[in-house]
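J.: In the numbering used here, the protein residues as written are 4 to 191. Provided herewith is a single structure, encoded as C-alpha cells, for subsequent inquiry.
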C-alpha cells in the first residue's frame with residue numbers, strides 16, 4: 004500500500020501542542036475521516052502500543068505558545084487525549100471533495116450552520132468555540148471529532164481568582180474538535 008504523510012497539529016486537553024506528520028493511506032482522505040475511523044491507519048501496525056492512538060513523526064512538543072519543550076522522532080498519542088487538531092490544509096478537502104460536498108448539499112438542501120461550543124473545564128480553563136459546520140449535528144455528534152470551519156476560539160482561564168479571556172490564533176480556519184470535550188452547544 005502506498006502511503007503519504009501529512010502535517011498535523013494536535014492540542015491535548017491540558018494544552019500541550021504536538022506538531023509533526025502522520026501517515027495517511029492516500030492523499031485524498033480527509034484528516035477528520037482518518038481520525039474518526041474505527042481503525043486508525045498505521046503504516047506498520049506492529050508499532051502500536053495502544054489501539055486508540057495515532058503515530059506522529061518528527062514531532063515538536065510545545066507547552067506554551069512559543070518554546071519547544073521536547074522533540075521526538077516519533078510518538079504515539081491517544082485519540083482520547085486529543086482536544087482539537089488541525090492539518091496543513093487551508094480549507095477542507097481538495098477540489099473533487101468540494102464538488103462532491105456541493106452536490107450533496109444541494110441534493111439534501113443542507114446549509115452551513117453556526118455553532119457555539121462550550122467545553123468542559125480542565126485545569127482551570129475552558130474554551131468558547133464558534134464556527135460553521137455542514138450536515139446534521141446529531142450525526143456528527145456520534146463521531147470522535149466534529150469538523151468546524153471559520154473558527155474563532157477563546158480560552159477562558161482562571162488566574163488569581165478571576166476569569167480572563169485569551170484568543171487562540173489558528174493558522175487556518177478549520178479544526179476538528181473532540182466530541183468528548185464538548186459540554187454544551189448552541190446551533191443558529
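Virtual Cβ for every residue (Gly too), placed ideally from N, Cα, C.
Given a cut-off of 8 Å on the beta-carbon distance, is the pair residue 16 and residue 124 in contact?
T.: No, the pair does not count as a contact, with Cβ atoms beyond the cut-off.
J.: Does the count of Cβ pairs from the segment 157-168 and the segment 176-188 closer than 8 Å reach three?
T.: Not touching, per the Cβ criterion.
J.: Between which two residues does the beta strand (DSSP E) harbouring residue 39 extend?
T.: Where residue 39 is concerned, there is no enclosing beta strand (DSSP E), although the alpha helix (DSSP H) it sits in stretches over 34-39.
J.: Return the first residue and the last residue of the beta strand (DSSP E) that residue 9 is part of.
T.: Per DSSP, residue 9 belongs to the beta strand (DSSP E) from 7-15.
J.: Please determine, among 150, 129 and 62, the residue with the shortest C-alpha to C-alpha distance to residue 22.
T.: Residue 22 has its Cα closest to that of 62, out of 150, 129 and 62.
J.: Thinking just about the alpha-carbon of each residue, which of 157, 35 and 169 is nearest to the one in residue 119?
T.: Nearest C-alpha to residue 119: 157.
J.: Counting beta carbon pairs with one atom in the segment 27-36 and one in the segment 74-82, are three or more of them shorter than 8 Å?
T.: The segment 74-82 is not in contact with the segment 27-36.
J.: What's the gap between the Cα of residue 76 and the Cα of residue 30?
T.: When rounded, the distance between both Cα atoms is 22 Å.
J.: Considering residue 129, what are the terminal residues of the beta strand (DSSP E) in which it resides?
T.: 128-136 is the span of the beta strand (DSSP E), which, as asked, contains residue 129.
J.: Straight-line CA distance for residue 181 to residue 121?
T.: For residue 181 and residue 121, the distance between alpha carbons rounds to 12 Å.
J.: Apart from the five residues on each side of it in sequence, which residues of its chain come closer than 6 Å, Cβ to Cβ, to residue 155?
T.: Correct list, in chain order: 133.
J.: Would you list the residues sitting across from residue 123 in a DSSP beta bridge?
T.: In DSSP, residue 123 forms no bridge with anything.
J.: Can you tell me whether DSSP reads residue 187 as helix, strand or coil?
T.: Strand at residue 187.
J.: Expressed to the nearest angstrom, what Euclidean distance is found between the alpha-carbon atoms of residue 72 and residue 117?
T.: Going by the C-alpha atoms only, they are around 36 Å apart.
J.: Beta strand (DSSP E) containing residue 56: first to last residue?
T.: First-last of the beta strand (DSSP E) with residue 56: 56-65.
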